[in-house]
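Trainee: Numbering (the numbering used here), first residue to last: 5 to 254.
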Amino acid sequence: MTVVTGGLSTCQAFREHPEAWIHSDDFAAAIGQDLKSQLAAYPFAKGEYETTDEQNKRIQNALEVFFGHPESAPFMLTVGDDQQHYDADAGVLTVSVPSATPRAGYHSYSEHNLPLFANEKKVGRYLGTTRMGIKFHYEVWVRYERFLGVPSGDFDRAFGNSGAYTFTQPSYKVEMDREHALAVRNNLAFAVLARIAPPYASTEKNDENASLDDPTELATQTDIISATPRCVYLVDTVHKQVLKSIYEEP
């Protein structure tokens, strides 16, 4: 699936034309899959006889062909039910930035990984044997997950500083009546126009073997798109409206 974002090269255009980038309920999966496949198909590694300036220009040309802009692409961070709370007395909806920890690989506090997409599916059920010869049944699952990898400094600038070693995410308040809050309850997301940055895209894999204590074998593939937010908005994905402007680069 190709995501067309022509004309959305500025935060103003991104903010004023939400109908151009809020396409469907599975937009986060679509843009994430499309970007990952495009980046994977293109050689972003620096060539032996290539200068850094030549490498950057080549990458920008590729992004402009894929997404209509030499540096940027749009992303959606879906807000879960546990990341929003409505105060009926005050008439205020509080929404937190989605957060998740990648299952594959080690990730330091120097980067925030914002979840774009995750899906698990069962492959089958099999009979296994432990080293002691004990037979047991176990299930095999595969998990695909995709994240937007944002350096901590850029995250603090765009979303607000929640502290590198805390388990709380930045949150924002929006005044609205009860009917409006009910209408947007399952339709909230953070729209991010982000500048793609080195190392652009990476894939990590992790296998968790089944055991008697945990009879589940899980193979996880984690894709991370490295980027710096240019602008961030809280949006209603059904009515295609910007509810709150969170950040716009100077």
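Note that beta-carbon positions come from the ideal geometry of N, C-alpha and C, so glycine has one too. Predicted, not measured: the structure shown is a model, and the values here were computed from it.
Enumerate in chain order the residues of its own chain whose CB-to-CB distance from A223 is below 6 Å, with the five nearest sequence positions on each side excluded.
Mentor: Once the five neighbours on either side are set aside, the close Cβ partners of A223 are V146, D211.
Trainee: Going by other Cβ atoms of all chains shown within 10 Å of its Cβ, with 16 needed for buried, is V242 buried or exposed?
Mentor: When all chains shown are included, V242 counts as exposed.
Trainee: Straight-line CA distance for L266 to L238?
Mentor: Here the chain covers residues 5 to 254 and nothing more, so residue 266 does not appear.
Trainee: Provide the residue(s) that pair with D211 in DSSP beta bridges, ordered along the chain.
Mentor: BP columns for D211 point to A223.
Trainee: Taking C-alpha atoms, which residue in S175, A201, R234 lies nearest to K61?
Mentor: Among S175, A201, R234, the Cα nearest to that of K61 belongs to A201.
Trainee: Identify every residue that forms a DSSP beta bridge with I229.
Mentor: Answer is L152, A205.
Trainee: Within 10 angstroms of the Cβ of N213, are there 16 or more other Cβ atoms? Answer buried if so, exposed if not.
Mentor: N213 is exposed by the Cβ-count criterion.
Trainee: Would F18 pass as a contact of L131 if the rule is Cβ separation under 8 Å?
Mentor: The answer is no: Cβ separation not under 8 Å.
Trainee: Tell me the residue span of the beta strand (DSSP E) that contains H116.
Mentor: Note, H116: beta strand (DSSP E), 115-133.
Trainee: With 16 as the cutoff for other CB atoms within 10 Å, does R150 come out buried or exposed?
Mentor: Result: buried.
Trainee: The beta strand (DSSP E) that contains L247, what's its start and end?
Mentor: Taken as a continuous stretch (DSSP letters only), the beta strand (DSSP E) holding L247 covers 245-252.
Trainee: Quick check on D30: does DSSP put it in helix, strand or coil?
Mentor: Because the pLDDT at D30 is just 44, under 50, the model does not fix this residue reliably, and the value given afterwards should be weighed accordingly. Correct three-state label for D30: coil.
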